[in-house]
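Per my numbering, residue 86 is the first one in the sequence shown, and the count goes up by one each step.
Built from N, CA and C at the ideal position, the CB exists for glycine as well.
As structure tokens, the structure follows; a few thoughts come after it.
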Amino acid sequence: MTLLDGKITSKAILDNIAAEVAQRKAQGHKVPHLAAILVGTDGASETYVASKVKHCQQIGFGSSLIRFDAEVSEAELLAKIEEINQDADIDGLIVQMPLPKHISVDKVTETISPAKDVDGFHPINVGRMNKNLPAYISATPLGILLMLEHYGIATEGKHCVVLGRSAIVGSPMSILMARNAKVGNCTVTLCHSKTQNLAEHTRRADILIAALGIPEFVKEDMVKEGAIVIDVGITRVADASKKSGFAIKGDVAFGEVAPKTSFITPVPGGVGLMTIAGLLYNTLQAAKGAYF
Ligand code: GUN
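Printed below as a string of structure tokens:
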């Protein structure tokens, strides 16, 4: 079994991005700038956004964190997005999810300019990705593609089973693994909460990507010998033995599943770090005007 190490892989990718930024700066280009909007004070969202901002600083990007309290009106939030769309200094914009219930995720997503949509959530980017056209790809699926590429894992002709059909991870992941691309060309099965006989599908997976958000859902008897297992879960569960009061759990029961696999991502230290690499990769492309 080989560990797919998000720390090592994301560092390699971020080092490449930092080198390109330094080179572009020396040529007189401005540095890429990522703006993040955070609504409310959700603990996990605070952590993710702080990490995104920290990594921007580490690799020489500019960054802005714009905070609103949870009661902000939808109109005020949309007006801020419109303002950033017009700001030539800002290359990429993300609005951290989840949002309070009174704010429409669809309206927010569709208000962000597709050219600054480094989360890849806008229907134009989703549609372009579907057509295999240049587009921003949602950061977690992109990070997983970058990881598979980094480890030289051949995907062509393999059976990939994706667990979960979220707009952010499961749905785009299923499309990306099926499309005709360097990492892709799989036969894909997309499983979700209404799937019957789920374990029969997962046991046929050469590549199993778990993105359900249910801690330790994937057990040893659901995985084929020698499978490649990618764990996207990052659920906080109460743990009094930790200083923070919680532990981070993946969707895979790592201890029992890992010995059966050929490759597996740990949690933490796996896909989570690749999401940051995917986001900052997209932000560099935005600064270069690569897609629009
Ligand atoms: N919440 C959980 N994952 C993500 C992500 O990739 N982007 C944004 N904006 N919010 C998230």
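query = Can you tell me whether residue 356 is buried or exposed, with buried defined as 16 or more other CB within 10 angstroms of its CB?
reply = As a first step, residue 356 must be located in the sequence shown, where it is residue number 271. Buried, since its Cβ has 16 or more Cβ neighbours within 10 Å.
task = Sort out for me which residues DSSP pairs residue 177 with in a bridge.
result = The sequence position of residue 177 within the sequence shown is 92, counting from 1. Paired residue(s): 119.
ask   = Can you tell me whether residue 328 is buried or exposed, with buried defined as 16 or more other CB within 10 angstroms of its CB?
value = The residue labelled residue 328 in the question sits at position 243 within the sequence shown. Exposed is the call here.
task = Report the option in 372, 321 and 344 whose CA atom is closest to the CA atom of residue 130.
result = The residue given as residue 130 occupies position 45 in the sequence shown. Measuring from the Cα of residue 130, the nearest candidate turns out to be 321.
query = Closest by CA to residue 378, which one among 372, 311, 301 and 354?
reply = Residue 378 is absent from the structure shown; the chain starts at 86 and stops at 377.
request  = Evaluate the contact criterion for the segment 208-217 versus the segment 292-310: three or more CB pairs, one atom per stretch, below 8 Å.
outcome  = no
message = Using a Cβ-Cβ cutoff of less than 8 Å, which residues in the same chain neighbour residue 166 once the five nearest sequence positions on both sides are dropped?
response = As a first step, residue 166 is located in the sequence shown; it is residue number 81 there, counting from the start. Taken in chain order, the residues that qualify are 122, 178, 180, 193, 196 and 197.
For residue 225, three-class secondary structure by DSSP = By 1-based counting over the sequence shown, the position of residue 225 is 140. Helix, per DSSP.
Whole beta strand (DSSP E) elements within the segment 321-358, 3-residue minimum = 331-334
ask   = In the structure shown, what three-state DSSP assignment does residue 100 receive?
value = For the purposes of this step, residue 100 is taken as the residue at position 15 of the sequence shown. Residue 100 carries a helical assignment under DSSP once its states are collapsed to helix, strand and coil.
inquiry  = Spatial neighbours of residue 207 within its chain, please: C-beta separation below 7 Å, excluding the five flanking residues on both sides.
reply    = Counted from its first residue, the sequence shown places residue 207 at position 122. The answer, listed in chain order, is 194, 195, 197 and 199.
Spatial neighbours of residue 397 in its chain, beta-carbon cut-off 7 Å, leaving aside the 5 residues before and after = Outside the modelled stretch of the chain, which goes from 86 to 377, sits residue 397, for which no answer is possible.
Close Cβ partners of residue 289 (< 8 Å) along its chain, the five nearest in sequence each way excluded = For the purposes of this step, residue 289 is taken as the residue at position 204 of the sequence shown. Closer than 8 Å at the Cβ level, and outside the excluded window around residue 289, lie 244, 246, 274 and 309.
key: residue 337 and residue 352 closer than 9 Å at C-beta   = In the sequence shown, counting from the first residue as 1, residue 337 sits at position 252. In the sequence shown, counting from the first residue as 1, residue 352 sits at position 267. Yes; because the gap between Cβ atoms is below 9 Å, this pair is in contact.
ask   = Bridge partners of residue 149, per DSSP?
value = Working through the sequence shown from its first residue, we reach residue 149 at position 64. Beta-bridge pairing links residue 149 to 120.
Residue(s) in a DSSP beta bridge with residue 166 = Along the sequence shown, one-based indexing puts residue 166 at 81. None, per the DSSP bridge assignment.
Touch test, the segment 137-153 against the segment 105-119, Cβ-Cβ under 8 Å, three pairs minimum = yes
task = Compute the Euclidean distance between the alpha carbons of residue 344 and residue 318, then round it to the nearest angstrom.
result = What you label residue 344 is simply residue 259 of the sequence shown in a count that begins at 1. What you label residue 318 is simply residue 233 of the sequence shown in a count that begins at 1. Whole-angstrom Cα-Cα distance: 19 Å.
task = Could you tell me the distance, in whole angstroms, from the CA atom of residue 238 to the CA atom of residue 142?
result = Along the sequence shown, read from residue 1 onward, the residue named residue 238 stands at position 153. Along the sequence shown, read from residue 1 onward, the residue named residue 142 stands at position 57. Spanning the two alpha carbons is a distance of roughly 31 Å.
query = Got a sec: does the ligand GUN put a non-hydrogen atom nearer than 8 Å to the Cβ of residue 366?
reply = For the purposes of this step, residue 366 is identified with residue 281 of the sequence shown, where counting begins at 1. False, no ligand heavy atom lies under 8 Å from that Cβ.
query = What's the C-alpha gap between residue 272 and residue 242?
reply = Residue mapping note: residue 272 aligns to position 187 of the sequence shown, counting from 1. Residue mapping note: residue 242 aligns to position 157 of the sequence shown, counting from 1. Spanning the two alpha carbons is a distance of roughly 6 Å.
ask   = Nearest-angstrom Cα distance between residue 277 and residue 373?
value = One-based indexing of the sequence shown puts residue 277 at position 192. One-based indexing of the sequence shown puts residue 373 at position 288. For residue 277 and residue 373, the distance between alpha carbons rounds to 37 Å.
ask   = Roughly how many angstroms separate the alpha carbons of residue 104 and residue 375, rounded to a whole number?
value = Sequence index remark: in the sequence shown, residue 104 carries index 19 (1-based). Sequence index remark: in the sequence shown, residue 375 carries index 290 (1-based). Taking the straight line from one Cα to the other gives about 18 Å.
task = Report all residues for which the CB-ligand distance to some heavy atom of the ligand GUN is below 5 Å; order them along the chain.
result = 179, 181, 182, 204 and 224
task = Label residue 307 either buried or exposed according to how many other C-beta atoms from any shown protein chain fall within 10 Å of its C-beta, with 16 as the threshold for buried.
result = Locating residue 307 in the sequence shown gives position 222, where the first residue counts as 1. Buried, because 16 or more other Cβ atoms sit within 10 Å of the Cβ of residue 307.
Limits of the beta strand (DSSP E) - the one that residue 293 falls within = The residue you call residue 293 lines up with position 208 of the sequence shown. Note, residue 293: beta strand (DSSP E), 292-295.
ask   = Under three-state DSSP, which class holds residue 316?
value = Numbered from 1 along the sequence shown, position 231 holds the residue referred to as residue 316. DSSP places residue 316 in strand when its eight states are reduced to three.
task = Out of 232, 227 and 281, state which residue places its alpha-carbon closest to the alpha-carbon of residue 256.
result = By one-based count along the sequence shown, residue 256 stands at place 171. Residue 227 is the option with its Cα nearest to residue 256.
query = Does the Cβ-Cβ distance between residue 295 and residue 315 come in under 9 Å?
reply = Residue 295 sits at position 210 when you count from the first residue of the sequence shown. Residue 315 sits at position 230 when you count from the first residue of the sequence shown. Their beta carbons are under 9 Å apart, which means residue 295 touches residue 315 by this criterion.
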